[in-house]
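Structure, as structure tokens:
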Amino acid sequence: MKSLEKFFLLAVGAVIFSVGHAQIPDTQYSQGISYISGGVGEEESQAILAEAKQWPLLLELSQLENGRGVWIFGAKIKILNSQNQVIFDAQADGPYILINLTTGQYQIEASYQGVVQKRSVNVQASASQKLAIFWK
Numbered sequence: 034m035k036s037l038e039k040f041f042l043l044a045v046g047a048v049i050f051s052v053g054h055a056q057i058p059d060t061q062y063s064q065g066i067s068y069i070s071g072g073v074g075e076e077e078s079q080a081i082l083a084e085a086k087q088w089p090l091l092l093e094l095s096q097l098e099n100g101r102g103v104w105i106f107g108a109k110i111k112i113l114n115s116q117n118q119v120i121f122d123a124q125a126d127g128p129y130i131l132i133n134l135t136t137g138q139y140q141i142e143a144s145y146q147g148v149v150q151k152r153s154v155n156v157q158a159s160a161s162q163k164l165a166i167f168w169k
């Protein structure tokens, strides 16, 4: 009976561990700035959103398709600093991209299917931010 209890506890522990520790995509770098991009699938999306609390900026990318919002991937993201210099240039591998920016004012240029959208963001050391970019 003891071995059956141990097996049951190990099985429950494995399930809890796999649900609680969904794999997030690897950290990548663009011009020395670390980022994580992805969110394809429910588990990966939830893992990225949980990780977002530790990152200064989360971009959420979507578009209108057949009358409803859908997540996208493949958007090109450029970030310019206050001197109008490109400091980040990467392609999103999913609807979410976490970017490790230092405190400051930035211009985000997001391009998807030939349409460019620009947003300003003021990154602060004390809080993470979420910026939703939506294409029509």
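In our numbering, the protein residues as written are 34 to 169.
No residue lacks a Cβ here, since even glycine has one placed at the ideal position from N, Cα and C.
Only a predicted model underlies this, so the values are computations on that prediction, with no experimental measurement involved.
Should residue i and residue j be called a contact, given that it needs their Cβ atoms to be closer than 9 angstroms?
i, j, result
"S159", "I141", "no"
"L94", "I130", "yes"
"I166", "A108", "yes"
"E77", "Q56", "yes"
"V119", "Q64", "yes"
"A83", "S161", "no"
"F106", "P89", "no"
Between the Cα of residue i and those of the options, spot the shortest distance and give me the residue it belongs to.
i, options, result
"N114", "I66, I57 and T60", "I66"
"Y62", "L82, I132, T136 and V156", "I132"
"W104", "I112, L92 and K111", "L92"
"A80", "Q162, I69 and P89", "I69"
"D126", "G71, P58 and I112", "G71"
"Q116", "Q138, N99, L164 and V73", "Q138"
"L134", "Q87, N99 and Q146", "Q87"
"T136", "R101, V73, I110 and V156", "V156"
Among all the DSSP beta bridges, which residues are the ones paired with residue i?
i, result
"N155", "Q138"
"L94", "I166"
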